[in-house]
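Structure record follows, encoded as C-alpha cells.
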Amino acid sequence: MNGSMDGARRAPAGWLPACMAMAWMVLPAAAQEPRVAAAPPASPMDGAAAAAAGDRLVRLEAGVQAAEAVRAVKRLQHSHAHFLDAGLWSEAAALFARNGTLEQGSEVVARGAGAVRRSLMQAAGRRAQGLGEGQLHTHLIMQPIITLGADGRSARGTWHELALLGQFGRAASFRGGIHENEYVLEDGAWKIARSRFFEQYRGDYEAYGHRAPPSWNVPYHFEEAHVGVTVPAAAIDALAREVAAGGGSAATLARRLQQLRDETEVLNLQHAFGYYFDRKMWDDVADLFAPGGTFEPLPQGEYIGPARIRAALASLHGAPPLNRGELFDHVFTGTIVTVSADGLGAAARSTVLAMLGRGGEYARWEVGVYENRFVKQEGRWKLAAVRYVPRLSSDYDAGWARDARPVPTPSATLPPDRRSKAFAAYPARQSVGFHFTHPVTGRAIGTAPGGARADIERIDAPARARTARDVQASPAPQPAALGELERALHAAIAVDAVENLNSSYGYYLDESDWDGMADTYARNGAKEITGAGVYVGPERIRRILKLRGPTSGRTPDFFTIHQLTQPVI
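Our numbering puts the first residue of the sequence shown at 275, with every later residue one more than the last.
In C-alpha cells form, the structure reads like this:
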C-alpha cells in the first residue's frame with residue numbers, strides 16, 4: 275500500500291502515496307488546510323499540461339468518491355442503530371443488500387431484507403412495527419474502523435456495540451460485542467452486505483451483565499500495518515478507471531470537498547458540546563451558540579440566546595464547577611450529520627448514554643436523543659438549536675426494570691422563554707422523528723404508531739451523485755488550484771483515518787495485543803503509562819506494555835472493555 279500506483283492514470287508523485295496509502299499516526303494542527311474554494315478560471319495550457327491536469331482531476335474525482343464512500347458506510351451503520359432503538363424494523367431491514375445476511379458469530383440467521391426484518395422483530399419479541407409499551411431496546415454503536423475495498427465498491431467495518439434491553443416491571447439486561455460487517459455499493463447506494471455480531475458479554479442487570487463466552491474469537495478485518503488506511507491506493511486506481519473522461523469539474527469537486535469538511539466541523543461541534551456539558555462549562559457551552567440560538571430540553575421549555583442558555587444550564591443542572599464526588603458524563607454515540615444543500619445549515623442526531631450521580635447521595639442512568647441544528651455564520655459553524663429528548667431515567671441500584679423517573683417539569687425559578695410540547699419518557703412508548711432521510715431509499719423516515727411524539731424537522735441534503743452538468747467539458751484548472759483540492763481531499767481522508775487509528779487502541783487493549791498496539795505508533799510516537807512515565811517509539815512502548823499489561827485479554831472471570839467514543843478530530 276505504500277509503493278507505486280499501477281493503472282491507466284497516475285497521481286503526481288508525492289500526493290497519492292502520502293494521501294491514500296500511509297498508516298496515519300497523527301494529524302498535527304499545523305497540517306490543517308484552509309477552507310476549500312472553487313478553482314479560478316484557468317489560463318490556456320499546452321497539450322501536455324492539460325493532459326496532466328486532466329489526469330489529476332480524474333484521480334481527484336476518484337478520491338472524493340472514496341472519501342464519500344467511507345462516510346456513507348458510517349451513516350449506514352449509525353442509521354441501523356437508530357432504527358433498532360425505535361423499533362423501525364422495516365427501515366432497518368431496508369439498509370441490507372438484496373442478499374445481505376444477518377449473522378451471529380459464524381451462524382447465518384437471516385438472508386435478504388424480508389428475513390432480516392422478521393429476525394430483528396423476533397429478537398425484540400415484536401410482531402409489529404415499533405416497540406411495546408415499557409420496552410427498552412437501545413443500541414449504542416461506536417468505535418468504527420472502516421476500510422474501503424480494493425474495488426472501491428465494497429468496504430469492511432468493525433464496530434463496538436452496547437445494548438440496553440428490557441421490559442419495565444419484568445426484565446433489564448446488558449449485551450455487548452463486536453460487529454465485523456461488510457458493505458457493498460448496490461444500485462447506486464451503499465448497503466449492508468453482511469452484519470456479523472460476535473457477543474462478548476451479556477447478562478441480567480442484577481448480575482451486572484457479566485456472563486461471557488469462553489472465548490471471543492473475533493475475526494478482526496484490520497491489522498496494525500493498515501489500520502490507519504481507510505482508502506487503499508488500489509481503490510483509487512479502480513475508481514479512476516471508471517471515472518468519465520475528464521472527471522468532475524473542479525468547481526463541483528470543491529463543493530463536495532467543502533461538504534466533507536462541513537460534516538467534520540459540525541460533528542466536532544456536536545461532540546465538543548457534549549464534553550463541555552460533562553464538566554458544566556456553561557460559558558463554553560453558551561459560546562457555541564449563534565445569537566438567537568435556542569436550548570430546549572423536552573419538556574422543560576425553550577431558552578433563547580446565549581445569556582439565557584447559560585443561566586438555564588446553571589439553574590437546571592447546577593452551577594459550575596463539578597462538585598467533589600459528582601459524576602455528570604454524557605456519552606454521545608451514533609452521530610449522523612446532514613449538511614443542507616446551500617451549505618449554510620446542518621443538523622446532527624446522537625443517542626446519549628448519561629451516567630449521573632454524587633457520592634453518598636444518588637446514582638442513575640439516562641438515555642436520550644439530541645437532534646440539534648447548526649448555522650454557518652461568517653465561515654464558522656455555530657449551534658442554532660439544541661433539542662434534547664429524554665427517553666429513560668433510572669436509578670442505578672434498581673435498574674430500568676424496577677425504576678423509571680418521570681421527565682422533569684419546567685423550572686419555577688427560571689421559567690422558559692417558550693413552553694415545550696408535553697412528552698413522556700420510559701416506560702411510555704415514544705417516537706422521536708428524524709432530521710435525515712433513509713440512506714438507501716432516500717425516503718422520509720416515519721415513526722412508530724402510538725405513544726409520546728417528538729416531531730423533528732427534516733433537512734434536505736445535496737445529492738452525492740454527479741450529474742451530466744458536472745462532467746461536461748470545462749477548462750482544465752491550474753496546478754495551484756488542483757493542489758488546493760488535493761490538500762482538501764488529503765484532510766478529509768485523514769479525519770476518518772485518524773478515527774480508525776484511535777478506535778484500534780481500544781480493541782488492542784481489550785485483546786491484550788501489545789505488539790499490535792505498539793506497531794500503530796509512529797517512530798517517535800509517545801505513550802504515557804500511568805505511574806511509570808512516558809515511553810517513546812514502538813519498541814520502548816512494546817516492552818513496557820508487555821511488562822505492565824496482562825498476557826491475555828480475558829480469563830474465565832475477568833475481561834476488559836474499552837469503548838472509545840465521541841471523537842473531536
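We treat Cβ as the ideally placed atom computed from N, Cα and C, and that holds for glycine.
In this text the structure is predicted, and so the values were computed from the model without any measurement.
task = Give every residue of the same chain whose Cβ lies closer than 7 Å to the Cβ of Phe-602, excluding the five residues on either side of it in the sequence, and list them in chain order.
result = Working through the sequence shown from its first residue, we reach residue 602 at position 328. Once the five neighbours on either side are set aside, the close Cβ partners of Phe-602 are Asp-552, Lys-554, Leu-596 and Leu-630.
Counted within 10 angstroms of its Cβ, other Cβ atoms place Phe-846 as buried (16 or more) or exposed = The structure shown does not extend to residue 846, since the chain spans only 275 to 843, so no value can be given for it.
key: Identity of the residue in Arg-349, Gly-599, His-352 and Arg-665 nearest Pro-573 by Cα   = Here residue 573 refers to the residue found at position 299 of the sequence shown. It is Arg-665 whose Cα lies nearest to the Cα of Pro-573.
ask   = Cα separation between Thr-804 and Gln-840?
value = Along the sequence shown, read from residue 1 onward, the residue named residue 804 stands at position 530. Along the sequence shown, read from residue 1 onward, the residue named residue 840 stands at position 566. Rounded to the nearest angstrom, the two C-alpha atoms are 23 Å apart.
task = Compute the distance between the beta-carbons of Asn-455 and Gly-477, then report whether it is under 7 Å.
result = The sequence position of residue 455 within the sequence shown is 181, counting from 1. The sequence position of residue 477 within the sequence shown is 203, counting from 1. Cβ atoms of Asn-455 and Gly-477: not closer than 7 Å.
Ile-835 (DSSP reduced to helix, strand or coil) = Residue mapping note: residue 835 aligns to position 561 of the sequence shown, counting from 1. If DSSP states are grouped into helix, strand and coil, Ile-835 belongs with coil.
request  = Could you tell me the boundaries of the beta strand (DSSP E) in which Glu-416 lies?
outcome  = What you label residue 416 is simply residue 142 of the sequence shown in a count that begins at 1. The identity of residue 416 in the sequence shown is Met, whereas the question assumes Glu. It spans 409 to 422 - the beta strand (DSSP E) in which Met-416 sits, taken as one unbroken run.
request  = Write down the C-beta distance between Ala-445 and Ala-675 rounded to the nearest angstrom, noting that I regard them as a contact closer than 8 Å.
outcome  = Numbered from its first residue, the sequence shown carries residue 445 at position 171. Numbered from its first residue, the sequence shown carries residue 675 at position 401. Between Ala-675 and Ala-445 the Cβ distance is about 5 Å, and since that is below 8 Å, they are a contact.
Within 7 Å, strictly: CB atoms of Ala-336 and Leu-513 = What you label residue 336 is simply residue 62 of the sequence shown in a count that begins at 1. What you label residue 513 is simply residue 239 of the sequence shown in a count that begins at 1. Going by C-beta atoms, Ala-336 is nearer than 7 Å to Leu-513.
inquiry  = Taking 7 Å as the threshold (C-beta atoms), are Arg-598 and Ile-610 in contact?
reply    = The count along the sequence shown starts at 1 and reaches residue 610 at position 336. The count along the sequence shown starts at 1 and reaches residue 598 at position 324. Ile-610 is not a Cβ neighbour of Arg-598, given a cutoff of 7 Å.
message = Taking its Cβ as the centre, do 16 or more other Cβ atoms sit within 10 Å of Gln-651, making it buried, or is it exposed?
response = On the sequence shown, residue 651 is found 377 positions in, with the first residue counted as 1. Result: exposed.
task = Starting from the C-beta of Phe-471, find all residues in its chain whose C-beta is less than 8 Å away, skip the five residues before and the five after it, and write them out in chain order.
result = Within the sequence shown, residue 471 is the residue found at index 197, counting from 1. Excluding positions up to five away in sequence, the list reads Glu-377, Gln-378, Gly-379, Glu-435, Gly-451, Ile-452 and His-453.
key: Where His-453 falls: helix, strand or coil (DSSP)   = In the sequence shown, counting from the first residue as 1, residue 453 sits at position 179. Of the three classes helix, strand and coil, the one that applies to His-453 here is strand, per DSSP.
inquiry  = Per the DSSP calculation, Ile-858 is bridged to which residue(s)?
reply    = For residue 858 there is no data in the structure shown, the boundaries of the chain being 275 and 843.
request  = Name the residue from Asn-542, His-709, Gly-653 and Thr-687 whose alpha carbon lies nearest to the alpha carbon of Ala-585.
outcome  = Taking the first residue of the sequence shown as position 1, residue 585 is located at position 311. Residue Thr-687 is the option with its Cα nearest to Ala-585.
ask   = Would you call Asn-774 buried or exposed, if buried means 16 or more other Cβ atoms sit within 10 Å of its Cβ?
value = Numbered from 1 along the sequence shown, position 500 holds the residue referred to as residue 774. Its Cβ being crowded by 16 or more others within 10 Å, Asn-774 is buried.
request  = Report the residue ranges of all beta strand (DSSP E) runs contained in full by the region 707 to 793; include only those spanning at least 3 residues, in chain order.
outcome  = With a minimum length of 3 residues, the continuous beta strand (DSSP E) runs that stay inside the region 707 to 793 are 726 to 728.
ask   = Do you know how far the Cα of Leu-543 is from the Cα of Gly-799?
value = Numbered from its first residue, the sequence shown carries residue 799 at position 525. Numbered from its first residue, the sequence shown carries residue 543 at position 269. For Gly-799 and Leu-543, the distance between alpha carbons rounds to 28 Å.
ask   = Quick one: what's Pro-571 bridged to in DSSP?
value = Against the sequence shown, residue 571 aligns to sequence position 297. Tyr-662, per the DSSP bridge assignment.
request  = Quick one: residues in its chain with C-beta nearer than 7 Å to the C-beta of Ala-696, no 5 flanking neighbours on either side, listed in chain order?
outcome  = Against the sequence shown, residue 696 aligns to sequence position 422. Pro-573, listed in sequence order.
ask   = Hey, is the region 411 to 423 in contact with the region 711 to 731, meaning 3+ C-beta pairs nearer than 8 Å?
value = With contact defined as three or more Cβ pairs closer than 8 Å, the region 411 to 423 and the region 711 to 731 are not in contact.
message = Bridge partners for Asp-478 per DSSP, in chain order?
response = For this step, residue 478 is matched to residue 204 along the sequence shown. Beta-bridge partners of Asp-478 (DSSP): Ser-447.
key: First and last residue of the uninterrupted alpha helix (DSSP H) at Ala-637   = Taking the first residue of the sequence shown as position 1, residue 637 is located at position 363. Annotation for Ala-637: no alpha helix (DSSP H) segment contains it, though the beta strand (DSSP E) segment containing it runs 636 to 651.
request  = Measure the C-alpha to C-alpha separation of Gly-408 and Pro-812 and round it to an integer number of angstroms.
outcome  = Mapped onto the sequence shown, residue 408 falls at position 134. Mapped onto the sequence shown, residue 812 falls at position 538. Answer to the nearest angstrom: the Cα atoms are 51 Å apart.
ask   = Taking Cβ to Cβ, would you say Leu-422 is nearer than 7 Å to Ala-340?
value = Position 148 of the sequence shown, counted from the first residue, corresponds to residue 422. Position 66 of the sequence shown, counted from the first residue, corresponds to residue 340. At a Cβ-Cβ threshold of 7 Å, Leu-422 and Ala-340 count as neighbours.
request  = Using the Cα positions of Val-300 and Val-772, report the straight-line distance between them to the nearest angstrom.
outcome  = Taking the sequence shown and counting its residues from 1, the one referred to as residue 300 is at position 26. Taking the sequence shown and counting its residues from 1, the one referred to as residue 772 is at position 498. Residue placement at Val-300 is flagged as unreliable, the pLDDT there being 35, under the threshold of 50; a coordinate-derived value is accordingly withheld.
key: Cut-off 7 Å between Cβ atoms - residues of its own chain near Phe-563, not counting five sequence neighbours on either side   = Locating residue 563 in the sequence shown gives position 289, where the first residue counts as 1. The residues are Pro-580, Ile-583, Lys-656 and Leu-657.
request  = Identify every residue that forms a DSSP beta bridge with Thr-612.
outcome  = As a working mapping, residue 612 is identified with position 338 in the sequence shown. The beta-bridge partner set that DSSP reports for Thr-612 consists of Ala-621.
ask   = Using the C-alpha atoms, what's the distance from Thr-825 back to Ser-786?
value = Here residue 786 refers to the residue found at position 512 of the sequence shown. Here residue 825 refers to the residue found at position 551 of the sequence shown. Pairing Ser-786 with Thr-825, the inter-Cα distance amounts to about 6 Å.
key: Residues bridged to Leu-850 [DSSP beta-bridge criterion]   = Beyond the ends of the chain as shown, which are 275 and 843, falls residue 850; an answer cannot be given.
inquiry  = Quick check on the DSSP output: the alpha helix (DSSP H) that includes Thr-683 runs from which residue to which?
reply    = Counting from one through the sequence shown, the residue named residue 683 turns up at place 409. It is not in any alpha helix (DSSP H) - Thr-683 carries neither H nor E in the DSSP assignment.
Beta-carbon spacing of Arg-693, Glu-570 below 7 Å = Residue 693 sits at position 419 when you count from the first residue of the sequence shown. Residue 570 sits at position 296 when you count from the first residue of the sequence shown. The answer is no: Cβ separation not under 7 Å.
key: Segment contact flag, the region 636 to 645 with the region 667 to 681, C-beta cutoff 8 Å, min 3 pairs   = Yes, since at least three Cβ pairs between the region 636 to 645 and the region 667 to 681 fall closer than 8 Å, the two stretches touch.
message = Cutting at 7 Å between CB atoms, please list the residues of its own chain near Ala-508, excluding the five before and the five after it.
response = Here residue 508 refers to the residue found at position 234 when the sequence shown is read from its first residue. Counting only Cβ-Cβ distances below 7 Å, and skipping sequence neighbours, we find Ala-424.
request  = Please check the pair Gly-374 and Ile-466, which I expect to be a contact at CB under 8 Å, by giving their CB distance rounded to whole angstroms.
outcome  = Position 100 of the sequence shown, counted from the start, is the residue given in the question as residue 374. Position 192 of the sequence shown, counted from the start, is the residue given in the question as residue 466. The beta-carbon distance between Gly-374 and Ile-466, rounded to whole angstroms, is 5 Å. This is short enough to meet the 8 Å contact definition.
Spatially closest choice to Gln-403 from Gly-443, Leu-362 and Leu-410, by CA coordinates = Taking the first residue of the sequence shown as 1, we reach residue 403 at position 129. Considering only alpha carbons, the answer is Leu-362.
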